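Chemist:
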Amino acid sequence: MAEALGVASSVIAVVELSVKVLSLCLQYSREVKNAKDDIERLRKEVATFKATADELKALLETPHGKELKTSQQLVSVIEDGHSTLGKVEQRLRPSTGRKAMSRFGMRALKWPFESKDVEGTIHNLERCRGNISLALNIDQTVILQNVDDRTTLHQLPIAHGASFDSKADEHNPTCLPNTREELLKEIDRWIDDPKSKTTFWLNGMAGMGKSTIARTLAHSRSKRGDLGASFFIKRGEIDRGNLNKLMSTLAHQLAFSIPGVAFFIKKALDANPAIVGKSVKEQFEKLIQGPLSEVAATPIAPSSVVMVIDALDECDQEADIRLLINIFSQAKTLRPHLRVFLTSRPELPIRLGFNEVQGSYQDLVLHDIPTQIVEHDIIVFLNDEFKKIRHNFNMTVGDERKLPPDWPGRPTVQSLAQMAVPLFIFAATVCRFVGDSRRRSPRTRLQMVLNHGSRSHESQLEQTYTPILRSQITELPKEEREEVIKDFKVVVGSIVTLASALSVTALSRLIDVLPEVVDERLDALHSVLSIPPERTMPVRLLHLSFRDYLVDPGNRETVEFWVDEKVTHRNLAKHCLRVMHSALQENICGLSFPGTRRSAVDSSELEERIPPQLQYACLSWAYHHMEGDPQSNDNNEVHDFLTTHFLHWVESLSLMSRVKECLDSLRSLARWLEKQEDSSLSIFVADAVRFLQANFSVVAEAPLQAYSCLVFAPGKSVVRKTFEQAIPRWISNLPKVQESWDACLLTLEGHSDWISSVVFSHDSKKLASASGDKTIRIWNAETGECERVLEGHSERVRSVAFSHNSKRVASASDDKTIRIWSVETGVCERVLEGHSDWVISVAFSYDSKKLASGSDDKTIRIWSVETGECERVLEGHSDWVSSVVFSHDSKKVASASWDKTIRIWNAETGECEEIVPSDCYADVLSFTPDERGIVTDRGVFALTGGSQSYAGSAMLRQSSEAPILACTNGTWITAAGEDLLWLPPECRNGKVAVSGSTVVVGCQSGKVLVLGISVVEVEQWTDA
50 MAEALGVASS VIAVVELSVK VLSLCLQYSR EVKNAKDDIE RLRKEVATFK
100 ATADELKALL ETPHGKELKT SQQLVSVIED GHSTLGKVEQ RLRPSTGRKA
150 MSRFGMRALK WPFESKDVEG TIHNLERCRG NISLALNIDQ TVILQNVDDR
200 TTLHQLPIAH GASFDSKADE HNPTCLPNTR EELLKEIDRW IDDPKSKTTF
250 WLNGMAGMGK STIARTLAHS RSKRGDLGAS FFIKRGEIDR GNLNKLMSTL
300 AHQLAFSIPG VAFFIKKALD ANPAIVGKSV KEQFEKLIQG PLSEVAATPI
350 APSSVVMVID ALDECDQEAD IRLLINIFSQ AKTLRPHLRV FLTSRPELPI
400 RLGFNEVQGS YQDLVLHDIP TQIVEHDIIV FLNDEFKKIR HNFNMTVGDE
450 RKLPPDWPGR PTVQSLAQMA VPLFIFAATV CRFVGDSRRR SPRTRLQMVL
500 NHGSRSHESQ LEQTYTPILR SQITELPKEE REEVIKDFKV VVGSIVTLAS
550 ALSVTALSRL IDVLPEVVDE RLDALHSVLS IPPERTMPVR LLHLSFRDYL
600 VDPGNRETVE FWVDEKVTHR NLAKHCLRVM HSALQENICG LSFPGTRRSA
650 VDSSELEERI PPQLQYACLS WAYHHMEGDP QSNDNNEVHD FLTTHFLHWV
700 ESLSLMSRVK ECLDSLRSLA RWLEKQEDSS LSIFVADAVR FLQANFSVVA
750 EAPLQAYSCL VFAPGKSVVR KTFEQAIPRW ISNLPKVQES WDACLLTLEG
800 HSDWISSVVF SHDSKKLASA SGDKTIRIWN AETGECERVL EGHSERVRSV
850 AFSHNSKRVA SASDDKTIRI WSVETGVCER VLEGHSDWVI SVAFSYDSKK
900 LASGSDDKTI RIWSVETGEC ERVLEGHSDW VSSVVFSHDS KKVASASWDK
950 TIRIWNAETG ECEEIVPSDC YADVLSFTPD ERGIVTDRGV FALTGGSQSY
1000 AGSAMLRQSS EAPILACTNG TWITAAGEDL LWLPPECRNG KVAVSGSTVV
1050 VGCQSGKVLV LGISVVEVEQ WTDA
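Right, dumping it as structure tokens:
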């Protein structure tokens, strides 16, 4: 409140002083003739400054003044403006001498400023006014934004439980006082040093306390007010094991933790509501880096913003890990300084990711910390935990059973610490085990640990977990031991294999085991599992190392509790199918109309009709089936399920807002079935993919449309024929439909201007498109998902090419540059400058070390990919160069030009070795496999010395590995001069790429069409 009063009084003082300065300016403008322009400029700026101050004053005086946090922190800005006005007023105020001269009728006033002084004063006032205006822009909408902004920001998809202070992390510890002191100080120094690297990597083996350190850092920086966001990655937890919701979760937290940022995040969302569906890199730039850069201009911007990302190694996809490392390491914000704290195990994909960004991060290796420091910290931890154990146990027993105040004694603690170093997880697990006194006293349990720890040949994980597991069967007869171990493998084996955590209730229903049996098996495992008191809450692993220990193939013969992962997956798949068979049905939620939106279904109604075990089964059956190394009869069960319940399954996933996962499961199953000998299941799944792909958007919006869409499926569609009886009866006249699915597999949308180039990567896994909208997009060639948007060119992009190792993309633009990009991260690695006109074509050499570019300036340039240096300039064409390509040995370059020639160049010397005349220009070039001919989209041309005569369509397909060279002549897709496929008007004048049985057409509308063809039939037709 005092701060608010300070701002209000300062604003009043500024307004009063502005009035005085304006009055003086008016006086000078009447009496001083030789400085009219300077006086008027100063007067206008002071008047504008006063108007801004008046607006701020009025806003602060409203009932909502206390809520205007941004404006309330403007004290220093207001005082700066007041100081500037004070100096102006002092110099403009007439002195006593001048007043006396005025009484005698003499001109008394002389303008006291030079033009440069006026310029400086205006600059200062403009700066202050800009800061005030920015604060007003934020605060004036607070009243509306309290509803509108929060509604918008709460629409950001978030990963629940990922933040350090979430309910899921409520009982997870932070570092005790007097532990990890020097390490935490080093991290604080890194955060507070403005010259530090953006990224800090804390790495160490499993169980060394990385997550505890990350949690401690998040707590301490939250108290200091500069924690922007935190994300604790957790494999097996929905949305926490991948990057799907990482950036939107970070942005959501950032909006509510750093003053002023929410305004700019909402602005980014308003500008592009679909941003949360874009690439991870684009989300980071638009939702995090952009808003932080904009808030830097406000007076309330913090000096640093900290983000804590824990457990990179638990991310499902290795490519995601490396992408994240690259994004954060490349991030640049001058103020506030972005500080990203990352933790992980030192696994190979992570080490490779950091190797790619050498010099852009700071790191600390936990196992390099001196042993005596780690041992000291573990002793402090053990003493604190044993104190709690003593207290809790002594509260529940009589005096004769109470533990003494010094229990367990310094030597025992010392011995445990030495057993634990360097693994904090050992100490934490031992304490949880000893403290669980429901079956045995802490003293007895501790002795079990100490007895087992004397076996020096065992690994630390064995020493950690074996006593806990064996405590379940100690003193039991053989038959009971075997029963306990069997139940353990069913219950706990399922828990460590699940795709996401389930409650006791849901798990028991999924695996068809009584809840009491699940409870009995979990009762002795509180030291390794997070087991909530309510049966409806999820059971979670306390540490991933427990799962690693149980499923390690090396433990098969030595660990009696060993879990066979494949068998468990297979059993879970069968359980999922059983649950779905018994529960799925049409209109499972009893919707009133076929067009009812999924958003109209109440969440409680949804959970009642589709309970957690059924939701899990719908989401995870395919995953467990493929991971379980199934036998032939297992595929029969899947076929039986899909031909009975496919539409019910789709409907249920639509109600759960998870149709994308449905399509992903089908695609994964289709790929997996390629290796299987099951034609009936393969045929059904392939058709199901086409059906869901074609109707994805409407089914995702209105679940019951899964049945209505049958009427639009082709007559021979397997899905349509299987579920013909499910076509709604209220549709009396069925529309006439095509007999089979057409060639268009996918329509890729995202570009806002015509497509100038499309190309497949050489592994055929990705597709790149270049556009007049100045961007390049990288697509997943199988799913059609846009994985990267590459932005940087200032004019339209003419051409795009993949390197032969598929790791890089080169783009050529009308801005006269070539850019080289990382496919994996989307980062621009090189900008090549040298051409004096548009760059029309680019091509990589086969060894991916060189790049050739052809330009409207009539030259070809050869560049080093690694250094970006231009090694050769090839001159000779008399018109623009339309296409370039390297020979297979990378020693020659072929170029086609609008001068109607093809030139063959020596890539090493730059000499032109041959000129091949042509009666038209070529858009696409390639050497024949024997390099004695040139294949173009217009025909095939023999080179001098070639012993073979090439003609037209005979060279349509160069080899089993080479793509068909195709383009369009405006109306047809052509190859080797032959017409192959007629194009409708909206697809004409586009670009074409071919890979195997897939043709891609880039359209003038900005759409990219993915078509399926039969290569065998094309070859037979062209050879005829």
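Residue numbering for the sequence shown follows our numbering, starting at 50 and increasing by one per position. Don't be surprised by glycine CBs; every beta carbon is placed ideally from N, CA and C. Note that this is a predicted model, so its numbers are computed, not measured.
#1: Would you kindly check if the distance between the Cβ of V357 and the Cβ of A267 is under 8 angstroms?
#2: By DSSP, does R92 sit in helix, in strand, or in coil?
#3: Since M356 is in the beta strand (DSSP E), which residue starts that stretch and which ends it?
#4: Would you call the CB atoms of R850 and V891 closer than 8 angstroms?
#5: For N443 and S486, I'd like the C-alpha separation in whole angstroms.
#6: So, for S78: in the same chain, excluding its five sequence neighbours on each side, which residues have a beta-carbon less than 8 angstroms away from its beta-carbon?
#7: How would you write the range of the alpha helix (DSSP H) that G402 sits in, first residue to last?
#8: Do the segment 162 to 182 and the segment 128 to 135 meet, that is, are 3 or more Cβ pairs less than 8 angstroms apart?
#9: I732 to L668, Cα distance in whole Å?
#10: What are the partner residues of V533, as DSSP defines its beta bridges?
#11: Would you decide whether S1009 is buried or exposed? Buried here means 16 or more other CB atoms lie within 10 Å of its CB.
#12: Per DSSP, G1051 forms a beta bridge with which residues?
#13: By alpha-carbon positions, which one of P784, A735, E773 ends up nearest to E831?
#14: In terms of residues, what are the limits of the beta strand (DSSP E) holding R826?
#15: Looking at C-alpha atoms only, which residue of K538, T554, Q634, E163 is the closest neighbour of R596?
#16: Give every residue of the same chain whose Cβ lies closer than 8 angstroms to the Cβ of D822, excluding the five residues on either side of it in the sequence, and list them in chain order.
#17: Near H506, which residues of its chain fall below 8 angstroms by C-beta distance, leaving aside the five closest residues on each side in sequence?
#18: Assuming contact is defined by CB atoms lying nearer than 8 angstroms, are A971 and I911 in contact in what I supplied?
#19: Evaluate contact between the segment 610 to 627 and the segment 555 to 570, counting only Cβ atoms and requiring at least three cross-stretch pairs below 8 angstroms.
#20: Can you give the Cα-Cα distance for L525 and C835, rounded to whole angstroms?
#21: Assign L599 to one of three DSSP states: helix, strand, or coil.
#22: Expressed to the nearest angstrom, what Euclidean distance is found between the alpha-carbon atoms of L633 and V446?
#23: Whole angstroms is fine: what's the gap from Q997's alpha carbon to R619's?
#24: Please classify R793: does DSSP put it in a helix, a strand, or coil?
#25: Near R270, which residues of its chain fall below 6 angstroms by C-beta distance, leaving aside the five closest residues on each side in sequence?
#26: Smallest Cα separation from I181: which of S931, S212, V1048, V124?
#27: Measuring alpha carbon to alpha carbon, tell me which residue in H386, D359, E424 is nearest I399.
#28: Looking at the unbroken beta strand (DSSP E) that takes in E920, where does it start and where does it end?
#29: What is the residue span of the beta strand (DSSP E) that Q411 lies within?
#30: Bridge partners for W954 per DSSP, in chain order?
#31: Which of helix, strand or coil does DSSP assign to A317?
#32: Using 8 angstroms as the Cβ pair cut-off and three pairs as the minimum, do the segment 249 to 260 and the segment 400 to 414 touch?
#33: Who are the Cβ neighbours of D964 in its own chain at under 7 angstroms, not counting the five residues just before and after it?
#34: Can you grab the Cα-Cα spacing for the pair Q332 / K941, in whole Å?
#35: Spell out a yes or no on whether the segment 748 to 761 and the segment 694 to 712 are touching, meaning 3 or more CB-CB pairs, one atom from each, closer than 8 angstroms.
#36: Measuring only the C-alpha atoms, how far is Y598 from N829?
Modeler: Judging by the given coordinates:
#1: Indexing the sequence shown from 1 puts residue 267 at position 218. Indexing the sequence shown from 1 puts residue 357 at position 308. Contact: yes.
#2: Counted from its first residue, the sequence shown places residue 92 at position 43. Reduced to three states, the DSSP call for R92 is helix.
#3: By one-based count along the sequence shown, residue 356 stands at place 307. M356 -> beta strand (DSSP E) spans 353 to 359.
#4: Numbered from its first residue, the sequence shown carries residue 850 at position 801. Numbered from its first residue, the sequence shown carries residue 891 at position 842. For clarity, residue 850 is Ala in the given sequence; the question names Arg instead. A contact, by the Cβ cut-off of 8 angstroms.
#5: Along the sequence shown, read from residue 1 onward, the residue named residue 443 stands at position 394. Along the sequence shown, read from residue 1 onward, the residue named residue 486 stands at position 437. Rounded to the nearest angstrom, the two C-alpha atoms are 11 angstroms apart.
#6: Counting from one through the sequence shown, the residue named residue 78 turns up at place 29. Hits under 8 angstroms: K85, I88, E89, R92.
#7: Here residue 402 is taken as the residue at index 353 of the sequence shown, counted from 1. First-last of the alpha helix (DSSP H) with G402: 397 to 404.
#8: Counting Cβ pairs under 8 angstroms, three or more are found: they touch.
#9: Start at 1 with the first residue of the sequence shown, and residue 732 comes out as number 683. Start at 1 with the first residue of the sequence shown, and residue 668 comes out as number 619. Whole-angstrom Cα-Cα distance: 22 angstroms.
#10: Taking the sequence shown and counting its residues from 1, one reaches residue 533 at position 484. Bridge partners of V533: none, in fact.
#11: Residue 1009 sits at position 960 when you count from the first residue of the sequence shown. Confidence at S1009 is low in this model, with a pLDDT of 36, below 50, so the placement of that residue is unreliable and no value is reported for it.
#12: Position 1002 of the sequence shown, counting from 1, holds the residue named residue 1051. DSSP lists K1040, V1057 as partners of G1051.
#13: Counted from its first residue, the sequence shown places residue 831 at position 782. It is A735.
#14: Working through the sequence shown from its first residue, we reach residue 826 at position 777. Taken as a continuous stretch (DSSP letters only), the beta strand (DSSP E) holding R826 covers 824 to 829.
#15: For the purposes of this step, residue 596 is identified with residue 547 of the sequence shown, where counting begins at 1. When each option's Cα is compared against that of R596, the closest is K538.
#16: Mapped onto the sequence shown, residue 822 falls at position 773. The residues are H800, S801, D802, R845, G1055.
#17: To locate residue 506, count along the sequence shown from 1; it is residue 457. Residue confidence for H506 is low, a pLDDT of 49 falling below 50, so the modelled location carries little weight; the figure read from the coordinates is stated next. Sequence-distant Cβ neighbours of H506 in its own chain, meaning closer than 8 angstroms and more than five residues away, do not exist here.
#18: By 1-based counting over the sequence shown, the position of residue 971 is 922. By 1-based counting over the sequence shown, the position of residue 911 is 862. Contact: no.
#19: Cβ pair count under 8 angstroms is three or more, so yes.
#20: Reading the sequence shown from its first residue, position 476 is the one you call residue 525. Reading the sequence shown from its first residue, position 786 is the one you call residue 835. Approximately 58 angstroms, taken between the alpha carbons.
#21: By 1-based counting over the sequence shown, the position of residue 599 is 550. Of the three classes helix, strand and coil, the one that applies to L599 here is helix, per DSSP.
#22: The residue given as residue 633 occupies position 584 in the sequence shown. The residue given as residue 446 occupies position 397 in the sequence shown. Straight-line Cα distance between these residues: approximately 52 angstroms.
#23: By 1-based counting over the sequence shown, the position of residue 997 is 948. By 1-based counting over the sequence shown, the position of residue 619 is 570. With a pLDDT of only 41 at Q997, under 50, the local geometry of the prediction cannot be trusted, and no value is derived from it.
#24: In the sequence shown, the residue the question calls residue 793 occupies position 744. It is worth fixing the name first, because residue 793 is Cys in this sequence and not Arg. In this structure, C793 counts as strand in the three-state DSSP scheme.
#25: Locating residue 270 in the sequence shown gives position 221, where the first residue counts as 1. Excluding residues up to 5 positions away in sequence, L276, V355 lie with their Cβ nearer than 6 angstroms to the Cβ of R270 in the same chain.
#26: Counted from its first residue, the sequence shown places residue 181 at position 132. By alpha-carbon distance to I181, the top candidate from S931, S212, V1048, V124 is V124.
#27: For this step, residue 399 is matched to residue 350 along the sequence shown. The shortest C-alpha to C-alpha distance from I399 to any of H386, D359, E424 is the one to D359.
#28: Along the sequence shown, one-based indexing puts residue 920 at 871. Start and end: 919 to 924.
#29: To locate residue 411, count along the sequence shown from 1; it is residue 362. For Q411, the enclosing beta strand (DSSP E) starts and ends at 410 to 414.
#30: Numbered from its first residue, the sequence shown carries residue 954 at position 905. As computed with DSSP, W954 is found in a beta bridge with V942, C961.
#31: Taking the first residue of the sequence shown as 1, we reach residue 317 at position 268. Of the three classes helix, strand and coil, the one that applies to A317 here is helix, per DSSP.
#32: Taking a cut-off of 8 angstroms for Cβ pairs, the segment 249 to 260 and the segment 400 to 414 touch, as three or more such pairs fall below it.
#33: Taking the sequence shown and counting its residues from 1, the one referred to as residue 964 is at position 915. Here the sequence assigns Ile to residue 964, which means Asp is not the residue at that position. Here the set comprises T950, R952.
#34: Numbered from its first residue, the sequence shown carries residue 332 at position 283. Numbered from its first residue, the sequence shown carries residue 941 at position 892. Rounded to the nearest angstrom, the two C-alpha atoms are 42 angstroms apart.
#35: Verdict: yes, contact present.
#36: Position 549 of the sequence shown, counting from 1, holds the residue named residue 598. Position 780 of the sequence shown, counting from 1, holds the residue named residue 829. Cα-Cα distance, rounded: 36 angstroms.
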